[in-house]
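Encoded as structure tokens, the structure appears first; notes follow it.
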Amino acid sequence: MTLDHEVKPPFEVIESHETARDWNLALRRDRIRWPDGTEADYRVVDGPSAVFVVPYAQNGTTVLVRQWRHSWGSTTWEVPAGTLEPGEEPLACAQRELREEAGLIADDWTSLGATRGTALQTGRQHLYLARGLRRVQRTPEPYERDMILREVAFRTALDAALSGEIEHAASISALARAGRVLGII
Numbered sequence: 004m005t006l007d008h009e010v011k012p013p014f015e016v017i018e019s020h021e022t023a024r025d026w027n028l029a030l031r032r033d034r035i036r037w038p039d040g041t042e043a044d045y046r047v048v049d050g051p052s053a054v055f056v057v058p059y060a061q062n063g064t065t066v067l068v069r070q071w072r073h074s075w076g077s078t079t080w081e082v083p084a085g086t087l088e089p090g091e092e093p094l095a096c097a098q099r100e101l102r103e104e105a106g107l108i109a110d111d112w113t114s115l116g117a118t119r120g121t122a123l124q125t126g127r128q129h130l131y132l133a134r135g136l137r138r139v140q141r142t143p144e145p146y147e148r149d150m151i152l153r154e155v156a157f158r159t160a161l162d163a164a165l166s167g168e169i170e171h172a173a174s175i176s177a178l179a180r181a182g183r184v185l186g187i188i
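Whatever position you read off the sequence shown (first residue = 1), add 3 for the working numbering.
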């Protein structure tokens with residue numbers, strides 16, 4: 004099925020103001036006007052794009068990471084992931100993050116496309132399947148010191164994603180798309 008996507012907004016942006024900025028995030032308020040003259044405000048979080056990597060080993064396993072997500076007040080199981088640096092290509096970021104978080108490098112990379120987060124955010128979430136894995140020294144960032152790695156059967160990770168046990172949306176998308184590419188779903 005092919006879905007059409009409108010490329011022109013159904014309204015006019017009449018003003019746009021950055022209302023806050025911190026680290027690599029900015030909060031923006033856009034004032035819009037509909038064709039009937041009605042005006043409204045949209046709030047947008049301008050932020051970087053990110054990558055999410057599903058490592059798939061020859062023995063049918065994958066690696067998940069568990070870490071504390073302060074904004075959620077809990078830990079979460081996810082695929083290895085990270086934020087693009089300014090000017091960094093998504094594949095280069097995916098390769099860097101797989102090494103940092105999982106201590107893996109891959110010979111074969113497949114793009115699984117991209118997704119969007121909430122409708123409030125501008126960044127894209129680039130998804131990858133990594134195969135032909137080799138272990139190397141992990142190089143985690145200082146804020147990743149609490150990260151726990153677990154090697155599990157890919158099917159177990161996919162079932163956890165589809166049942167709701169894994170709640171991280173981009174990880175669910177990445178695992179489902181990888182499952183499709185691998186012929187599992």
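We treat Cβ as the ideally placed atom computed from N, Cα and C, and that holds for glycine. If you're wondering where the values come from, they're calculated on a predicted model, not measured in any experiment.
DSSP beta-bridge partners of residue i
{"i": "SER52", "result": "Bridge partners of SER52: none, in fact."}
{"i": "GLY126", "result": "Per DSSP, none; premise fails for GLY126."}
{"i": "HIS20", "result": "ARG32"}
{"i": "GLN70", "result": "THR79"}
{"i": "ASP25", "result": "LEU28"}
{"i": "ARG134", "result": "ASP111"}
{"i": "LEU152", "result": "VAL68"}
{"i": "GLU15", "result": "ARG36"}
{"i": "PRO58", "result": "ALA133"}
Inter-residue spacing [alpha-carbon to alpha-carbon] between residue i and residue j
{"i": "GLY167", "j": "ASP39", "result": "42 Å"}
{"i": "HIS8", "j": "PHE55", "result": "24 Å"}
{"i": "VAL10", "j": "ALA122", "result": "16 Å"}
{"i": "THR78", "j": "ARG99", "result": "23 Å"}
{"i": "PRO93", "j": "GLY85", "result": "10 Å"}
{"i": "THR125", "j": "ARG141", "result": "30 Å"}
{"i": "THR65", "j": "SER19", "result": "44 Å"}
{"i": "GLY135", "j": "THR113", "result": "11 Å"}
{"i": "VAL82", "j": "SER174", "result": "6 Å"}
{"i": "ASN62", "j": "LEU87", "result": "30 Å"}
{"i": "ALA133", "j": "PHE157", "result": "13 Å"}
{"i": "ASP44", "j": "VAL16", "result": "9 Å"}
{"i": "THR95", "j": "ARG180", "result": "Note on residue identity: the sequence assigns Ala, not Thr, to residue 95. Taking the straight line from one Cα to the other gives about 20 Å."}
{"i": "HIS110", "j": "PRO145", "result": "Here residue 110 is Asp; the residue named in the question, His, does not match the sequence. Going by the C-alpha atoms only, they are around 27 Å apart."}
Extent of the continuous alpha helix (DSSP H) run through residue i
{"i": "ILE175", "result": "172–184"}
{"i": "SER74", "result": "Note, SER74: premise wrong, no alpha helix (DSSP H); not H, not E."}
{"i": "THR159", "result": "157–166"}
{"i": "ARG148", "result": "No alpha helix (DSSP H) holds ARG148; DSSP gives it neither H nor E."}
{"i": "LEU94", "result": "93–100"}
Own chain, CB closer than 6 Å to residue i, minus 5 neighbours either side, in chain order
{"i": "TRP37", "result": "PHE14"}
{"i": "GLU103", "result": "THR142, PRO143"}
{"i": "ALA60", "result": "LEU136"}
{"i": "HIS129", "result": "VAL54, PRO93, ALA117"}
{"i": "ALA97", "result": "VAL54, VAL56, TYR131"}
Assumed close pair residue i, residue j - CB separation to whole angstroms, cut-off 8 Å
{"i": "THR41", "j": "LEU30", "result": "Not confirmed; about 23 Å, so no contact."}
{"i": "ALA163", "j": "ILE169", "result": "5 Å"}
{"i": "LEU101", "j": "PRO58", "result": "6 Å"}
{"i": "GLY182", "j": "LEU161", "result": "5 Å"}
Proximal residues to residue i (C-beta, below 7 Å), its chain only, five neighbours per side dropped
{"i": "ASP149", "result": "GLN70, TRP71"}
{"i": "VAL155", "result": "THR64, THR65, LEU67"}
{"i": "VAL47", "result": "ARG31, ASP33, LEU123, THR125"}
{"i": "ARG138", "result": "GLY106, LEU107"}
{"i": "SER2", "result": "This structure cannot speak to residue 2, because the chain is shown only from 4 to 188."}
{"i": "GLU147", "result": "GLN70, GLU104"}
N- and C-terminal bounds of the beta strand (DSSP E) containing residue i
{"i": "ARG119", "result": "107–119"}
{"i": "ALA84", "result": "84–86"}
Sequence-distant residues of its chain with Cβ nearer than 8 Å to residue i (five each side left out)
{"i": "GLY50", "result": "ASN27, LEU28, ALA29, GLN124, THR125, GLY126"}
{"i": "GLY120", "result": "GLY126, GLN128, ALA172, ALA173"}
{"i": "VAL184", "result": "THR113, LEU115, LEU132"}
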